[in-house]
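Asks: This is the structure, below, for whatever I ask next.
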Amino acid sequence: MLRIAALCLLPVAASAEVAAPRAVALERMVIQDCGSCHGLTMKGGLGKPLTAEALDGADPEALALIVLDGVPGTAMPPWRPLLTEEEADWIAHYLLKDQK
Ligand code: HEC
Numbered sequence: 123m124l125r126i127a128a129l130c131l132l133p134v135a136a137s138a139e140v141a142a143p144r145a146v147a148l149e150r151m152v153i154q155d156c157g158s159c160h161g162l163t164m165k166g167g168l169g170k171p172l173t174a175e176a177l178d179g180a181d182p183e184a185l186a187l188i189v190l191d192g193v194p195g196t197a198m199p200p201w202r203p204l205l206t207e208e209e210a211d212w213i214a215h216y217l218l219k220d221q222k
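For the sequence shown, position 19 (counting from the first letter as 1) is numbered 141 according to the numbering used here, and the numbering increases by one without interruption.
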C-alpha cells in the first residue's frame, strides 16, 4: 500500500519544456527523419505536408499523439520508442509555428 502511494508521488515531468541541447537534436530529427518522408522543408512527399500552413488549426495534442503512435495502416511509424511525450509535444508545437 505504502509502496503504491510512493509510486504515485514520483515526480511527473514538470512541463513540456525540453532542454536546449535536446531541442537542437529534435529539430535535426524533424528535418532528417521526418523530412525523409514529409520532405526536407515539410512540404510533403510520401507523407503529407507538415508546414504550419498545411496543419492550420490542428490540435497540438492530436499531432503529438500521431507522432507518438503513428498512423496505423500507413507508412507513418510510431515514434514512441524514441521520443517522450514532452518531446512529441515539442515537435507538434515546432511544426505548428513553422520552421522558416
Ligand atoms: C516512413 C515515412 C514517414 C516518416 C519517417 C514520418 N512520417 Fe509522418 N506520415 C507519414 C505518412 C505516409 C503520413 C500520412 C498518413 C495518412 O495517410 O494519414 C504521415 C502523417 C503524419 C502526420 C499527420 C499529418 C496530417 O495532416 O494528418 C504527422 C503530424 C506526422 N506524420 C508527423 C511526423 C513526424 C513529426 C515525423 C518524425 C518524427 C514523421 N511524421 C515521420 C510517413 C512518415
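Note that CB positions come from ideal geometry on N, CA and C, so glycine has one too.
Rounded to whole angstroms, what is the Cα-Cα separation between Gly179 and Thr206?
Replies: Position 57 of the sequence shown, counted from the first residue, corresponds to residue 179. Position 84 of the sequence shown, counted from the first residue, corresponds to residue 206. Distance between the alpha carbons of Gly179 and Thr206: 24 angstroms.
Asks: Can you tell me whether DSSP reads Val140 as helix, strand or coil?
Replies: Along the sequence shown, read from residue 1 onward, the residue named residue 140 stands at position 18. Three-state result, Val140: coil.
Asks: Should Met164 be counted as a contact of the ligand HEC given a C-beta to heavy atom distance under 6 angstroms?
Replies: For this step, residue 164 is matched to residue 42 along the sequence shown. No; taking the cut-off as 6 angstroms, the Cβ of Met164 has no heavy atom of the ligand HEC nearer than that.
Asks: Mark Ala127 as exposed unless 16 or more other C-beta atoms lie within 10 angstroms of its C-beta, in which case mark it buried.
Replies: On the sequence shown, residue 127 is found 5 positions in, with the first residue counted as 1. Only weak support is given to the placement of Ala127: the predicted model assigns it a pLDDT of 49, under 50, and the value that follows is read from those uncertain coordinates. So Ala127 counts as exposed.
Asks: Tell me whether the beta-carbon of Trp201 lies closer than 7 angstroms to the beta-carbon of Val140.
Replies: For the purposes of this step, residue 201 is taken as the residue at position 79 of the sequence shown. For the purposes of this step, residue 140 is taken as the residue at position 18 of the sequence shown. The answer is no: Cβ separation not under 7 angstroms.
Asks: Alpha helix (DSSP H) containing Pro182: first to last residue?
Replies: Counted from its first residue, the sequence shown places residue 182 at position 60. Looking at the DSSP string, the run of the alpha helix (DSSP H) that includes Pro182 is 182-191.
Asks: Pick out whichever of Thr173, Ala174, Cys159 has its Cα sitting closest to the Cα of Gly167.
Replies: For the purposes of this step, residue 167 is identified with residue 45 of the sequence shown, where counting begins at 1. Nearest C-alpha to Gly167: Cys159.
Asks: Within the same chain, show all residues whose beta-carbon is closer than 7 angstroms to that of Leu162, passing over the 5 residues directly before and after it, in chain order.
Replies: Working through the sequence shown from its first residue, we reach residue 162 at position 40. These residues qualify, in order along the chain: Ile153.
Asks: Mind checking Gly157: buried by the 16 CB within 10 Å criterion, or exposed?
Replies: Along the sequence shown, read from residue 1 onward, the residue named residue 157 stands at position 35. Buried: at least 16 other Cβ atoms inside 10 Å.
Asks: Less than 6 angstroms between C-beta atoms, sequence neighbours within five positions excluded: which residues of the same chain meet that for Ala214?
Replies: Here residue 214 corresponds to residue number 92 of the sequence shown, with the count starting at 1. Only Pro182, Leu185, Ala186 meet the Cβ criterion.
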